[in-house]
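Reading the sequence shown from the start, the letters are residues 1153 to 1680 in our numbering.
Just so you know, even glycine gets a beta-carbon here, dropped at the ideal spot from N, CA and C.
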Amino acid sequence: MATFVIVGAGSAGCVLANRLSENPDVEVVVLEAGGWDKSPLIHMPAGYFHLMQSGKLDWGYHTEPQQHADNRRMFLPRGRSVGGCSVINAMIHMRGHRQDYDHWAQLGNAGWDYESVLPYFVKAECWHGGEAFGHGRDGPIRTSRAGLDNPISQAWLRASSEAGYAYNEDLNSGNQEGTGPCDAAIGHGIRSSVSRGYVTPVKHRKNLRIIVKARVTRIIIERNRAVGVEYLRRGRLCHVYADQEVLLCGGAFNSPHILQLSGIGDQRHLKQSGINARLDLPGVGRNLQDHVAIPVQFRLKEACSKLKYLRRHRQMLCALQYFLTGDGVAAAPGVEVMSFLRTRPDIPSPDVQFHLLNIMYNDHGRKIVPVEGFMGLINKSRPESRGSVLAKSSDPIDLPRVDPNYLSAPADMRTLRDALRLFRDIVSQRAFDDIRGEEYSPGKDMTSDSDLDDYIRAKSDSIYHPVGTCKMGSDASAVVDDRLRVHGMDGLRVVDASIMPTITSCNTNVPCIMIGEKASEMILQDTA
């Protein structure tokens, strides 16, 4: 019998494993469907592309055909390993805008405003970037600021200023507006995943047990209380029981799916899927939000991109340098600079995010464009489109239907169109004159609204920030309260990206870590 059973060793689950097991009187069991993060490619920052191409640490999710995006089925990578998505992501370390969290509090979620969650961001961080004002020094996640040695990054910073956009030295200051260097979860040239930061130092604690290759099939419920978890491991059906609480940390796809498999969700949908309904919670699996992005690509007049490092002999030299010295291109983040800008002056905060990449690729980095160039990945910060994650059947091995309903809100299409033009405007500034070549994609002749809309429908894709499917709140569609307890069910909480009522205006991994830090304190308070 454990005190707490944690389902999923991802970005929030690893935080809980560490913080809850600090008390030697508490017994913690963690169930993880994947394995340990042993591959050296995980820890080498440049290994990101290889991890994406191999898919070995991925759940294998794809969307349903997207009606507003040429009926395409899109790739949705999700980390399947101790460390979750933090072992396969691009290591971008972004907290979000102050308004993101103040909005959560305005929706009725007490204690989730920016000033209340800021201490948990700081607590998680070990800053390696010089002056530490507003940053943590002693946390598990090592962070650093990207260097700006590449001519493309330097040109983008100057061009943004020429176009009238402010320079922001610290995009994690709470005032997330303007253009500046990107913070990365990298310390001493090594990816700082939640596995490495939170689990590796404590995995030998006697009161912490991490069971890998454990596929959770359902939550065990007795008299309206979660008392344990059923899981498959090595072909055997196993059970583990919790004296206090079951903590669901499966992420925006797996957490609602596990709830549905356990009979918690929309009663009509559960019956249609052949699942016995135990608790009617219509919001389970609804409210799915994600950042959908479009690429804008430009050729270069000179060879200053990272393309040369992807030639096989250069890859070997870079890897050798990295493993001998821990330095070089293989130790650097993929994104050096980032912009958070407004497409219109009359809106209260930035509505678009630009990731600048010193290379051109398609299909999530699985297809490199063999041309000297650079690209921007452009997304709307707070999309209005909403989708769903719904079980197909009662079979736990059958992945759920994921339908983000991308671009269904007309405002999302309009903002992406405006953002594409804004990106072009910045690249047209004098700062780029010496290196800018022809626009590679969508192409300089694509200028009308209809042309750009066609391009957006054809090329838009997820950049892997799904949230909201077990949303926090008190309305009829909410799944958890502001202490992350599942409405109508004792002994059960959800602690991951699925609890976000609205998406943050940035990459979501760091907000998930914050959620884990805040939740661990609440859990210990509530169960003392």
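The shortest CA-to-CA distance from P1548 to any of L1384, D1627, P1485, E1277 is the one to L1384.
Beta-bridge pairing by DSSP links S1672 to no other residue. Membership of V1157 in the beta strand (DSSP E) is indicated by the continuous run 1154–1159.
Partner residues in a beta bridge of I1511, as assigned by DSSP, do not exist.
Taking 4 residues as the shortest admissible run, the stretch 1405–1440 contains the following complete alpha helix (DSSP H) segments, listed from N- to C-terminal end: 1419–1424. When DSSP states are grouped into helix, strand and coil, T1295 belongs to the strand group. Cβ atoms of D1503 and S1533 come within 8 Å of each other, at about 5 Å. In the DSSP assignment, Y1592 falls within the unbroken beta strand (DSSP E) covering 1588–1593. Straight through space, the alpha carbons of A1483 and Q1473 are spaced by roughly 10 Å. In the three-state reduction of the DSSP assignment, G1332 falls in the strand class.
G1299 and L1568 have their C-alpha atoms some 28 Å from each other. Under the DSSP assignment, R1171 falls in the alpha helix (DSSP H) whose first and last residues are 1165–1172. The shortest C-alpha to C-alpha distance from L1203 to any of A1671, M1243, L1509 is the one to M1243. The shortest CA-to-CA distance from G1260 to any of L1676, P1653, G1402 is the one to P1653. Within its own chain, the residues whose Cβ lies closer than 6 Å to the Cβ of A1257, once the five positions on either side in sequence are excluded, are W1264, D1265, listed in chain order. Under the Cβ criterion (8 Å, minimum of three pairs), the stretch 1298–1316 does not count as touching the stretch 1344–1356. A straight-line Cα-Cα distance of about 23 Å links T1331 and S1593. Between G1643 and Y1200, the alpha-carbon positions lie close to 38 Å from each other. Burial check for I1499: the Cβ neighbour count within 10 Å stays below 16, so the residue is exposed. Take D1254, set aside five residues on each side of it, and the residues of its chain with a beta-carbon closer than 8 Å to its own are D1265, Y1266, in chain order.
About 6 Å separates the Cβ atoms of I1194 and R1343, confirming a contact at the 8 Å cut-off. Judged by their CB atoms, V1646 and V1662 are not nearer to each other than the 7 Å cut-off.
When DSSP states are grouped into helix, strand and coil, S1657 belongs to the coil group.
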